[in-house]
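Colleague: In my numbering, the protein residues as written are 1101 to 1337.
Pasting a structure below so you can have a look.
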Ligand code: TMP
Ligand code: ASP
């Protein structure tokens, strides 16, 4: 199913899909990193969990008319996706204050944002993924002004769908990170993954953190909380 290894990232390997032009195989790894690779570990089962969770989320988005690069799951840890050229932006949407925004802007954790806040970070490990504005994004990527607007609108649409999806399984979608890619035909679609690695997910009843913050902060068992997210999503699907 897969041939040449094209790229290895911190959480996934990307292969050319064998005999399928314009398609890739994403292989989810068990590795976890935080603080731009400053903290590293490996968790048996993480690749399987993120592969499954990401597939369920992309399918839910597709059901609401939001297309992504996701085509199908191939096995426990791999999925087939459309090949895109990733636009080097980490598009973060925040509904509730947590993480970097609390430190950067002195906003108290758990503050609710009536209007979701979108932030762009420049995807560049050497620079530590700095926060940038729209003008920087235009300069640093090949996206046009119309495409930057499209990306922000899409991110807000995705937020609406995901907020409802998680609400229905008693989870608050605090914030999340998206990446977009350009297909061979020039169009821009949602790419990468959506998983507890890339979202903050709090139990709506207890406030318990059910995402990668348990690893970042060393406060819980990563596999246990990712299993809980998968279990709730599967019960709903
Ligand atoms: P932040 O509060 O650290 O800026 O993170 C915002 C959201 O983006 C959070 O849900 C975690 C996610 N995220 C990633 O997916 N990758 C990253 O490299 C970082 C820093 C955050
Ligand atoms: N993904 C980033 C890293 O690998 C940071 C994070 O998710 O906290 O270091």
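Every residue gets a Cβ at the ideal spot worked out from N, C-alpha and C, and that includes glycine.
This structure is a prediction, so every number in the text was calculated from the model and none was measured.
Using only CA atoms, which one of 1231, 1166, 1219 and 1325 lies nearest to residue 1275?
Modeller: Numbered from its first residue, the chain shown carries residue 1275 at position 175. The shortest Cα separation from residue 1275 among 1231, 1166, 1219 and 1325 belongs to 1219.
Colleague: Going straight from the alpha carbon of residue 1195 to that of residue 1259, what length do you get?
Modeller: Position 95 of the chain shown, counted from the first residue, corresponds to residue 1195. Position 159 of the chain shown, counted from the first residue, corresponds to residue 1259. Distance between the alpha carbons of residue 1195 and residue 1259 is about 9 Å.
Colleague: Is any heavy atom of the ligand TMP found at a distance shorter than 7 Å from the C-beta of residue 1272?
Modeller: Counting from 1 along the chain shown, the entry for residue 1272 is found at position 172. No, the beta carbon of residue 1272 sits no closer than 7 Å to any heavy atom of the ligand TMP.
Colleague: For a test of your reading of the model: does the CB of residue 1133 fall under 7 Å from any non-hydrogen atom of the ligand ASP? Yes or no.
Modeller: By one-based count along the chain shown, residue 1133 stands at place 33. Yes, the beta carbon of residue 1133 sits closer than 7 Å to at least one heavy atom of the ligand ASP.
Colleague: For residue 1198, count neighbouring Cβ atoms within 10 angstroms of its own Cβ and tell me buried if that reaches 16, exposed if not.
Modeller: As a position in the chain shown, residue 1198 is number 98, starting the count at 1. That one is buried.
Colleague: Considering only heavy atoms of the ligand ASP, does any lie closer than 7 Å to the CB of residue 1148?
Modeller: By 1-based counting over the chain shown, the position of residue 1148 is 48. False, no ligand heavy atom lies under 7 Å from that Cβ.
Colleague: Where does residue 1216 fall in DSSP's three states?
Modeller: Residue 1216 sits at position 116 when you count from the first residue of the chain shown. Looking at residue 1216 - three-state DSSP - the assignment turns out to be strand.
Colleague: Hey, could you find the ends of the alpha helix (DSSP H) residue 1249 is sitting in?
Modeller: Looking up residue 1249 in the chain shown gives position 149. Where residue 1249 is concerned, the enclosing alpha helix (DSSP H) stretches over 1245-1267.
Colleague: Is the region 1253-1273 close to the region 1220-1228, with three or more CB pairs under 8 Å?
Modeller: Contact fails: fewer than three Cβ-Cβ distances are below 8 Å.
Colleague: Straight-line CA distance for residue 1153 to residue 1136?
Modeller: Along the chain shown, one-based indexing puts residue 1153 at 53. Along the chain shown, one-based indexing puts residue 1136 at 36. The straight-line gap from Cα to Cα measures roughly 23 Å.
Colleague: Heavy atom of the ligand TMP less than 7 Å from the Cβ of residue 1109, yes or no?
Modeller: Here residue 1109 refers to the residue found at position 9 of the chain shown. Flag unset: Cβ of residue 1109 not near the ligand TMP.
Colleague: Under 7 Å: does the beta carbon of residue 1282 sit that close to some heavy atom of the ligand TMP?
Modeller: Sequence index remark: in the chain shown, residue 1282 carries index 182 (1-based). Outside the cutoff, so no.
Colleague: Could you give the uninterrupted runs of the beta strand (DSSP E) lying entirely in the region 1121-1175, keeping only those of 3 residues or more?
Modeller: Those beta strand (DSSP E) runs which fall completely within the region 1121-1175 and span 3+ residues are 1123-1128, 1131-1134, 1139-1142 and 1170-1173.
Colleague: For residue 1221, which beta-bridge partners are listed by DSSP?
Modeller: Looking up residue 1221 in the chain shown gives position 121. Note: residue 1221 sits in a beta bridge opposite 1190 and 1231.
Colleague: With a threshold of 8 Å, are at least 3 pairs of Cβ atoms found where one atom belongs to the region 1108-1115 and the other to the region 1128-1146?
Modeller: Contact between the region 1108-1115 and the region 1128-1146 is present, because at least three Cβ pairs lie under 8 Å.
Colleague: Quick check on the burial criterion: 16 or more other C-beta atoms within 10 angstroms. Buried or exposed for residue 1298?
Modeller: Here residue 1298 corresponds to residue number 198 of the chain shown, with the count starting at 1. Buried is the call here.
Colleague: Have a look at 1239, 1128, 1182 and 1206 and flag the residue whose alpha-carbon is nearest the alpha-carbon of residue 1289.
Modeller: The residue given as residue 1289 occupies position 189 in the chain shown. If we check each option's Cα against that of residue 1289, 1182 comes out closest.
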